Amino acid sequence: MSPQQVAAALGSEVPAARRGHFPHYWYRESAQWYLEEDRFDEAGVTAHYWYREGVPTLGAVTVHGRSGPQVSFDGVDLIGKTVSTIDAALEQRAENEEMGLVIGCSGDLGPDGLNMYVRATRAGDVVVSEARFCATDWEDHG
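This is the structure in structure tokens:
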């Protein structure tokens with residue numbers, strides 16, 4: 017999904033902020049600028065892009081729970097619960113062999129195959145404030 021398709025899927029919402037980079041600091045504005053993410057405040061999500069085949073493609077979506085939609089997984093509300101509560105629920109399902117678990121590159125626990133990670137994002141916060149859903153191998157490249 018391209019950045020234009022993401023905006024269209026969100027009702028043509030204009031990103032409140034965009035973040036990107038130039039591939040080499042010495043080129044600055046004379047080189048291609050690479051879009052890394054678009055933040056959509058009305059929808060409460062951030063779209064993260066990676067460059068497969070040279071074009072920006074949606075690689076992950078972060079749902080900002082305090083300002084965005086509330087999400088749940090397999091009957092477990094994700095936003096507003098303590099990280100330890102969600103980890104315990106996921107670990108219990110793994111012990112019952114209902115799912116496998118993986119650890120993302122940021123140390124976040126998630127179900128194997130779903131590529132979903134939950135995290136507390138503010139310093140000192142103990143409750144989950146956002147969930148990220150990503151394409152396979154996105155954290156390795158994004």
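Just so you know, we're using my numbering here: the sequence shown kicks off at 17 and counts up by one.
We treat Cβ as the ideally placed atom computed from N, Cα and C, and that holds for glycine.
In this text, all values refer to a predicted model and were calculated from it rather than measured experimentally.
- Exposure of Arg35 is indicated by the presence of fewer than 16 other C-beta atoms within 10 angstroms of its C-beta.
- Between Ala76 and Pro19, the gap from beta carbon to beta carbon reaches 9 angstroms or more.
- The DSSP-derived three-state label of Ala76 is strand.
- Where Pro127 is concerned, the enclosing beta strand (DSSP E) starts and stops at 125-127.
- When secondary structure is reduced to three states using DSSP, Val30 falls in the coil class, being assigned neither helix nor strand.
- Membership of Leu106 in the alpha helix (DSSP H) is indicated by the continuous run 99-111.
- Rounded to whole angstroms, Trp49 and Arg135 show a C-alpha spacing of 29 angstroms.
- The residues Gly120, Asp124, Gly126, Arg148, in chain order, have a CB closer than 6 angstroms to that of Tyr133 in the same chain once the five nearest residues on each side in sequence are set aside.
- Val144 and Gly70 do not touch by the CB rule: their CB atoms are close to 35 angstroms apart, not below 8 angstroms.
- Sequence-distant partners of Leu106 (beyond 5 residues in either direction) whose C-beta falls short of 7 angstroms from its own C-beta, in its chain, are Leu117, Leu125, Pro127.
- One Cα belongs to Pro39, the other to Gly60, and the distance between them is close to 28 angstroms.
- Distance from Glu146 to His80 at the Cβ level is roughly 5 angstroms; contact confirmed, criterion being Cβ atoms closer than 8 angstroms.
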